[in-house]
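Single-structure report; data block below.
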Amino acid sequence: MNITHASFVTLPVADQDRALRFYTEVLGFEVTADLEMPQGRWLQVAPKGAQTVFTLSGPGMGGFEPGTTRGIMLVTTDVDADCERLAQAGVSVQGPDDLPWGRMAGFQDPDGNGLMLLTEAVQ
Numbered sequence: 000m001n002i003t004h005a006s007f008v009t010l011p012v013a014d015q016d017r018a019l020r021f022y023t024e025v026l027g028f029e030v031t032a033d034l035e036m037p038q039g040r041w042l043q044v045a046p047k048g049a050q051t052v053f054t055l056s057g058p059g060m061g062g063f064e065p066g067t068t069r070g071i072m073l074v075t076t077d078v079d080a081d082c083e084r085l086a087q088a089g090v091s092v093q094g095p096d097d098l099p100w101g102r103m104a105g106f107q108d109p110d111g112n113g114l115m116l117l118t119e120a121v122q
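To convert, note that position 77 of the sequence shown is 76 in numbering that gives the first Met the number 0; the numbers rise steadily by one, no gaps.
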């Protein structure tokens, strides 16, 4: 196998503009693509410098159900500061909690897609 990385992860959303505001203004992601396609808008965001991007898939793009994605792990250098920023933006955060592999917290985007923050444990 010669796989080097994942290209994109699909996050089904009901309102692409609302999702775009959340991912750029709250999480600090950058827009990597915003194109009109025959099936609808192709909208992608990612943390600065990331290889894997997130496709904010709106109605008509693949038949995905908003709010059904779970377990997306976002690695951060400071989970506590990021949790505080999320709380200040009105996002409900579960944690952070200390676990054997690091300090972790969970939250949902405006559509209910489940995301997690992780500051990895120093070995």
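For every residue, glycine included, the Cβ atom is placed at its ideal position computed from N, Cα and C.
Note that the coordinates shown come from a computational prediction; the quantities given were computed from them, not determined experimentally.
For L116, tell me which candidate among R84, P109 and E35 has the shortest Cα-Cα distance. Measuring from the Cα of L116, the nearest candidate turns out to be R84.
DSSP state of F63, grouped into three classes? coil
Between D77, C82, R102 and R40, which has its C-alpha nearest P11's C-alpha? R40
Quick one: what's got a C-beta closer than 7 Å to F7's C-beta in the same chain, skipping five residues either side? Q43, T51, V52, F53 and T54
With 16 as the cutoff for other CB atoms within 10 Å, does N1 come out buried or exposed? Per the 10 Å Cβ criterion, exposed.
Within 10 angstroms of the Cβ of P37, are there 16 or more other Cβ atoms? Answer buried if so, exposed if not. So P37 ends up on the exposed side.
Ignore the nearest five residues each way along the sequence and tell me which others in F21's own chain have a CB closer than 8 Å to its CB. Result list for F21: D108 and P109, in chain order.
Short of 7 Å in beta carbon distance, which residues of its chain neighbour K47, apart from the five on each side in sequence? Order them along the chain. E29
Own chain, CB closer than 6 Å to A13, minus 5 neighbours either side, in chain order: P65 and D110
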